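Heads up: the structure comes next, in structure tokens.
Protein chains: 2
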Amino acid sequence: MSRPKARKPKGFRDAFSETAVARRNMLATICDVYRRYGFQPLETSAVEYVDALGKYLPESDQPDAGIFAFQDDLDEQWVALRYDLTAPLARVVAEHPELPKPFRRYQYGPVYRREIKPGKDRFREFYQCDFDTVGCDSMAADAEVCDVLAAAMRALGLDEFVIRVNNRKILNGLLDSLELADAGQRLAVLRTLDKLDDIGINGLEAQLGEGRLDKSGSFNAGVGLSAAAIDRLTGFLQSREDDRERTCDALFERVKESESGREGIQELREINELLDVVGLSSELVRFDPSLVRGLEYYTGPVFEIELPFTIKVKGKQKKFGSVSGGGRYDYLVERFTGQKVPATGASIGVDRLLAALEHLGRVDATGTDGPVVVTVMDTERRVEYQRMVQQLREAGIAAEMYLGSGGFKAQMKYADKRRAPIVVIAGSDEFERGEVTLKDMDLGAKLATEISDNEQWRKGQPAQITVHRDELVAQVTAILSRQ
Amino acid sequence: MSRPKARKPKGFRDAFSETAVARRNMLATICDVYRRYGFQPLETSAVEYVDALGKYLPESDQPDAGIFAFQDDLDEQWVALRYDLTAPLARVVAEHPELPKPFRRYQYGPVYRREIKPGKDRFREFYQCDFDTVGCDSMAADAEVCDVLAAAMRALGLDEFVIRVNNRKILNGLLDSLELADAGQRLAVLRTLDKLDDIGINGLEAQLGEGRLDKSGSFNAGVGLSAAAIDRLTGFLQSREDDRERTCDALFERVKESESGREGIQELREINELLDVVGLSSELVRFDPSLVRGLEYYTGPVFEIELPFTIKVKGKQKKFGSVSGGGRYDYLVERFTGQKVPATGASIGVDRLLAALEHLGRVDATGTDGPVVVTVMDTERRVEYQRMVQQLREAGIAAEMYLGSGGFKAQMKYADKRRAPIVVIAGSDEFERGEVTLKDMDLGAKLATEISDNEQWRKGQPAQITVHRDELVAQVTAILSRQ
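Shown next, in the form of structure tokens:
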């Protein structure tokens, strides 16, 4: 008989208790910030019509544009797993004209991308947590995006982060002045600019021109711009000043000939004023002309949160990089309805941010403990163990009677694996005296590592106490609150 | 230019704020019960290999056995959206032999089924919330399933429910004694028995025999059993007594010739004893020989929660029916590994249960209110409105400044649609006097309906108060806590 192999498809993951709880805690903190800012939850289906999603991923040259698509058997139309939470939001708003405008919603959940090379840090299923304001063209909504992101980072205990802001209109203004061949070349330039962090300024110059050899030694054809155009682009990218206002002035000089460019600068100036009101400094929220963002649907301000610490990847220190991105997308709803419905928002990359919190030792692990385990010393006494468990549960304490078939040693090992905070032990001696023994697993672990050669440790079980049976719940509660 | 139509695929839904919050509240209550019983969270991927999921749905005769399957581009193997949370759990346990045994996890999330006729009450994406004990053959785990389900129902404020329990082994024992032609006929009998609630005892008799005309007038071929066999089956189905022990006695008489039957009865007797210990009466947890459950993977006790009230469907009163099902599935892990890993658990149908709570007026709507809306009476004062909002948010109160472009009337309408509990109003008069006006939207709505012809209502705005600007947060807090 052939047996299936127990495995999951490449690029997909399971989250066990600790990760699942840490992710939930993190999401609860973020969503509470979203709520305070007036966003309300929305949950959309994971499956959408392909034409409703649109094709906006940077991977648009890949098969199925980087999405998981299949044919619906009911109407033979193509459906796909959502690749983000923004395209479905636009579909919802267009489908429901009765919704209040501005429509302010938040949403979290898994999204799906057909990564060609899934692996560490590249997954085919990952969590996003978005908030958006739909039906508002005021830069107040874009400034608020920065405010919300900063509040979310702070609520998670992160102080070191930079919110980078740019405006597609400025980039577009610059590209207008370069007289590019067509929309294809334009997109190729944008995509190349987006790679600055990966390939550096020299790599970028080569890639914008004739092309370059990549790490594997194969030649990447370049965009084919003239040296003058490349100069203008790289000059633009590097014209960031420490101060937001001065950055606006510097950029203005570079794009003032273009209407789109001037408009983009004006929008940044408005955002700057509003950021000053809420006290977000130029160090925290930085106007950065080198920020591009890969998604094609952005039309105005774009945002990114960068965490400035480095991590080791294949032996090299590398910037941890972005944990959130967003921007204004004024045409996503109009695509459906023909009506102008401007919108802006951002998405937090939940799994990347959780990885950052883990790296920084800032994970909120509340609730990762296992249950109190009531051991079964005497199977004839099951009913009495069951009553203990019931009393603990009634007091809101997570508890279970050992349901396996192992002896005492196996039960202690089980309790340990389950991260039980306390083990309850009652054998015939205890029952005779009307007592139970409680083993404090936390203290036990500490004693075992810290003072294993201690006199007290050697002579007894300092992490165990024996209490009256009637005191079970009170004593367990006391130990738990001490832990 | 052709525009895509804003729509979602058939059988898929969006959950707007109220539903999303109500569902979350309900899940939080259920999961807290699971936690108290010692289950810990697990989250698995939505996409699995088809061979790892196995084909256990009642719809096994449908194309792709009722699942959404497509080919993975990386290895050309077939993958599918999970159709439940049990098959993925078995995969996880088989993939991770290092997990503690018993492995006790809970999980909630969407599952996907290719319903042929999606519609009201039949969806292609719906939520389940499961708990399972894997690696335990003791009936204590099965009795605990009933205990957990009862605790979850009570935690949600439901008192009227029946947990029906049967045992596949007893059914199998009965079928053994009928000398059926083959496994196909056996499965056909099981599936027919499962339809008792829909077609009644007469319809069942016909369907087990020659067949019957269905509602649409077309003929359904029957299973082709003899009259004697049909008699034995229907007699068996109806041999339920009010008392669990007496039901065991009655069933014993009908299957005592079969080893599997005797074993099944013995298991029910063990469960009965344990249910007595935790105080679950025969009315609440009922042994019911007519319970089948559609999923093929069950091997022992099976469970179902029935809500006994009726609802109107197409003009007819109909039992609301099942909101949860489960059972023992001792071979799901063994399928992969060849090692015996017995398991049991149950799944709550989240969306069905939420519909039941809605019907009974028992939804926990905590948190469905919108934000406090600070209206913009004077666009020159945006900075000051922004400060008000900021102060409210810092106090943990959900608040936003109106970001749309409408006048006062539009802003009030917006606040109403957003279910804002309070609207903050400050025009030039208020600013001059250093005051703000707060409109209590809850009280306003009440007054408008209850005492619309009241003297006070006609002459003023009884739901509005004007307070000192410095008192904004304190007064908003006071009104919110009154509401």
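So the sequences go chain by chain: A and B.
All residue numbers for the first sequence refer to our numbering, where the first residue is 48 and numbers rise by one.
All residue numbers for the second sequence refer to our numbering, where the first residue is 48 and numbers rise by one.
Even glycine gets a Cβ: it sits at the ideal position worked out from N, Cα and C.
Since the structure is predicted, the reported quantities are computational estimates derived from the model, not experimental observations.
Using 8 angstroms for Cβ pairs, my map puts residue i next to residue j. What's the rounded Cβ distance?
i              : j              : result
D131 (chain A) : V158 (chain A) : 5 angstroms
I352 (chain A) : M200 (chain A) : 7 angstroms
F178 (chain B) : Y81 (chain B)  : 5 angstroms
G311 (chain B) : G220 (chain B) : 6 angstroms
R409 (chain B) : R440 (chain A) : With a Cβ gap of about 22 angstroms, R409 (chain B) and R440 (chain A) do not count as contacting.
L272 (chain B) : G256 (chain B) : 6 angstroms
Y345 (chain A) : R375 (chain A) : 6 angstroms
Using C-beta distances below 8 angstroms, list every residue in its chain close to residue i, excluding the 5 sequence neighbours before and after it, in chain order.
i              : result
D79 (chain B)  : A202
D287 (chain B) : According to the sequence as given, residue 287 (chain B) is Arg; it is not Asp. These residues qualify, in order along the chain: T294, A297, R333, F334, D335, P336 and S337.
G282 (chain A) : R301
H406 (chain A) : F356, I358 and F367
G258 (chain B) : F266, N267, A268 and G269
Measuring CA to CA, which of the options is closest to residue i?
i              : options                           : result
P509 (chain A) : A:L485, A:R211, A:R70 and A:A137  : A:L485
R211 (chain B) : B:E330, B:A390 and B:A137         : B:E330
T413 (chain A) : A:A75, A:L104 and A:D323          : A:A75
S92 (chain B)  : A:P88, A:D122, A:Y84 and A:R54    : A:R54
Y174 (chain B) : B:A402, B:Q458 and B:R428         : B:A402
E292 (chain A) : A:K262, A:G341 and A:Q313         : A:Q313
R309 (chain A) : A:I217, A:G269 and A:R399         : A:I217
G156 (chain B) : B:A67, B:R429, B:E207 and B:F150  : B:A67
R399 (chain B) : B:F59, B:T384 and B:S371          : B:S371
K242 (chain A) : A:V339, A:D61, A:R71 and A:D476   : A:V339
M73 (chain B)  : B:E343, B:V388 and B:T415         : B:T415
V181 (chain A) : A:E142, A:A134 and A:K148         : A:K148
G101 (chain B) : B:Q364, B:D206 and B:T133         : B:T133
I114 (chain A) : A:R160, A:V360, A:F150 and A:F455 : A:R160
G481 (chain B) : B:Y432, B:S307, B:T496 and B:A525 : B:Y432
D61 (chain A)  : B:Q285, B:L260, B:Q154 and B:V360 : B:Q154
D122 (chain B) : A:L494, A:V360 and A:P165         : A:P165
I244 (chain A) : A:L284, A:D206, A:G231 and A:A235 : For clarity, residue 244 (chain A) is Asp in the given sequence; the question names Ile instead. Ranking A:L284, A:D206, A:G231 and A:A235 by Cα distance to D244 (chain A) puts A:L284 first.
Is the beta carbon of residue i less than 8 angstroms from the beta carbon of residue j?
i              : j              : result
F395 (chain B) : C176 (chain B) : According to the sequence displayed, residue 395 (chain B) carries Ile and not Phe. Taking 8 angstroms as the Cβ cut-off, I395 (chain B) and C176 (chain B) qualify as a contacting pair.
R152 (chain B) : L128 (chain B) : no
D489 (chain B) : Q530 (chain B) : yes
L527 (chain B) : I472 (chain B) : no
L89 (chain A)  : V139 (chain A) : yes
P51 (chain A)  : A112 (chain B) : no
F350 (chain A) : L196 (chain A) : yes
P389 (chain A) : A467 (chain A) : no
R233 (chain A) : L222 (chain A) : yes
P56 (chain A)  : V380 (chain B) : no
V483 (chain A) : V436 (chain A) : no
D377 (chain B) : G341 (chain B) : no
I318 (chain A) : A190 (chain A) : yes
F478 (chain A) : R434 (chain A) : no
S224 (chain B) : S328 (chain B) : no
S64 (chain B)  : Q87 (chain A)  : yes
Kindly list the residues whose CB is nearer than 6 angstroms to the CB of residue i, restricted to its own chain and excluding five residues on each side of it in sequence; keep chain order.
i              : result
G491 (chain A) : A510
E162 (chain A) : G58, R169 and R171
R70 (chain B)  : L401
D184 (chain B) : P389
G85 (chain A)  : R151
Going by beta carbon distance, what residues of the same chain come within less than 7 angstroms of residue i, once the five residues before and after it are set aside?
i              : result
F117 (chain A) : V126
V470 (chain A) : V420, T422, M459, A462, K486 and M488
I246 (chain B) : Q254
S475 (chain A) : D425
A141 (chain B) : V380, F383 and T384
D289 (chain B) : S329
Regarding residue i and the ligand NAP, is the C-beta to nearest heavy atom distance less than 7 angstroms?
i              : result
G247 (chain B) : The model depicted lacks the ligand NAP and carries no ligand whatsoever.
Is it the case that the segment 252-264 of chain B contacts the segment 274-290 of chain B, given that we only count it when at least three CB pairs across the two stretches are under 8 angstroms? Contact between the segment 274-290 of chain B and the segment 252-264 of chain B is present: 3 or more CB-CB pairs across the two stretches fall below 8 angstroms.
Would you call the segment 320-328 of chain A and the segment 163-173 of chain A in contact, with 3 or more CB pairs under 8 angstroms? Contact between the segment 320-328 of chain A and the segment 163-173 of chain A is absent: fewer than three C-beta pairs spanning the two stretches fall below 8 angstroms.
Contact between the segment 440-460 of chain B and the segment 417-427 of chain B is defined here as three or more beta-carbon pairs at a separation below 8 angstroms; is this criterion met? A contact is defined here as three or more CB-CB pairs under 8 angstroms, and the segment 440-460 of chain B meets this definition with respect to the segment 417-427 of chain B.
Report yes or no: do the segment 382-391 of chain B and the segment 514-527 of chain A share at least 3 C-beta pairs separated by less than 8 angstroms? Short answer: they don't touch.
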